[in-house]
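What follows is a short report on a single structure.
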Amino acid sequence: MRMNDFDAIDLLKKKVGVPFHCRFENERCVELDLASQDYIFRGLVRHRTQSEKAEILCVIAGLTSLQRLNLRSNMFHSIPDYFGNLAQLRYLDLSSNHLGKVPLWIHEIENLEHLNLSANDIGELPPFLSKFHNLKTLRLHKNTFRYYPDDYGVFAKLELLNLYSSRLKRIPPVIFDYSKLRVLAWGVTPIADLSADIGRLQELECLMLQCNCLTVLPDALCELRRLKSVFLLQNRLKELPKEIGNLENLEHVTLYQNELGSLPASFENLKNLRRLNLAWNRFEELPPVMMGLPKLEWFGFFYNPVRGGMPRLNHIKEVILEK
Numbered sequence: 006m007r008m009n010d011f012d013a014i015d016l017l018k019k020k021v022g023v024p025f026h027c028r029f030e031n032e033r034c035v036e037l038d039l040a041s042q043d044y045i046f047r048g049l050v051r052h053r054t055q056s057e058k059a060e061i062l063c064v065i066a067g068l069t070s071l072q073r074l075n076l077r078s079n080m081f082h083s084i085p086d087y088f089g090n091l092a093q094l095r096y097l098d099l100s101s102n103h104l105g106k107v108p109l110w111i112h113e114i115e116n117l118e119h120l121n122l123s124a125n126d127i128g129e130l131p132p133f134l135s136k137f138h139n140l141k142t143l144r145l146h147k148n149t150f151r152y153y154p155d156d157y158g159v160f161a162k163l164e165l166l167n168l169y170s171s172r173l174k175r176i177p178p179v180i181f182d183y184s185k186l187r188v189l190a191w192g193v194t195p196i197a198d199l200s201a202d203i204g205r206l207q208e209l210e211c212l213m214l215q216c217n218c219l220t221v222l223p224d225a226l227c228e229l230r231r232l233k234s235v236f237l238l239q240n241r242l243k244e245l246p247k248e249i250g251n252l253e254n255l256e257h258v259t260l261y262q263n264e265l266g267s268l269p270a271s272f273e274n275l276k277n278l279r280r281l282n283l284a285w286n287r288f289e290e291l292p293p294v295m296m297g298l299p300k301l302e303w304f305g306f307f308y309n310p311v312r313g314g315m316p317r318l319n320h321i322k323e324v325i326l327e328k
């Protein structure tokens, strides 16, 4: 006889040994979270033996009404094939479990909308992920794959894609087909230029391109009028596009550790900017446009070879000039 969900959760409480989040609807468990809320890199059963973890996974697999499952940072190493029974899943987080590959059973979960497989030493992305036409968020960062399949162009509903710290040597062209994308994270790669196709991502609100080798940005970047946050730290940028002031919705810009010595005059048009980090660049003086940013609350400018004194920046709540 199948164990009811209340009994299954009671059994899990005994096996896990610490409190965890779960939620019921109509006497069925629809949410289960075994990730620590206090320590992102420490799952609640991370230090249990593999046999104890196997028993825990067996109980979880019986919760067939689960819609949301978070097993982050528990060092499971593998997840049994019978997890394919969890056909109602919409949200699945298997990050930081050293899985080594994408579990085959995932292809049985027809309606996934949110998938996190980050930090799992995944060396190859399987074709079957292309079946998930309803995906809204896909996190694949901190893995070792070197190829992003062209078949993944079907993610028409994708809103967030994280490929930070993979082994990819360029941004796959298919990504520029994701017309609904709002967040794109990419970093720790040798790319030196950014395709003008970035301008096709008209819904983009947050762009993270840190820790690359970018020397120049395409003018097309200035067409992304919905952008609110741009992270370009630790690149090799010597200048910014002249029309960057077109991005009037920008609130947060990080250009830490580049090779900038000036800002375009249009930068003064960024009237909604609240946080700006220009630290560790090559500015010899404060860019004049700084005086025309009325909403700026935080400004980092340390580790620049400034000559002479600095004007007062009383209109900015927090200014960091030294580190």
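With my numbering, the residue at position 258 of the sequence shown is 263, and numbering never jumps. C-beta atoms are modelled at their ideal positions from N, C-alpha and C, and glycine is treated no differently. Here the structure is a predicted model, which is why all the values come from computation and not from measurement.
Item, Value
"Whole-angstrom C-beta distance between L76 and G105, which should lie under 8 Å", "Going by Cβ atoms, the distance from G105 to L76 rounds to 15 Å, so no, they are not a contact pair."
"Counterpart residues of V188 in DSSP-defined beta bridges", "L165, C211"
"L71 vs L94 beta-carbon contact at 8 Å", "yes"
"Straight-line Cα distance separating F160 from I176", "16 Å"
"From G313, L298, R7, L326, residue whose alpha carbon lies closest to that of H320", "L298"
"Terminal residues of the beta strand (DSSP E) in which C27 lies", "26-30"
"Per-residue DSSP class, three states only, for G305", "strand"
"Assigned secondary structure, E113 (DSSP; H/G/I helix, E/B strand, else coil)", "helix"
"Candidates L199, S78, A197: closest to D43 by CA position", "S78"
"Whole runs of the beta strand (DSSP E) within the segment 222-288, excluding any shorter than 3 residues", "234-236, 257-259, 280-282"
"Three-state secondary structure assigned by DSSP to I84", "coil"
"Separation of W303 from G192, as counted between CA atoms", "24 Å"
"For L17 and V64, believed in contact at Cβ under 8 Å, the rounded distance", "5 Å"
"Sequence-distant residues of its chain with Cβ nearer than 6 Å to H257 (five each side left out)", "S234, R280"
"Distance, K141 Cα to L206 Cα", "15 Å"
"Residue(s) in a DSSP beta bridge with E323", "W303"
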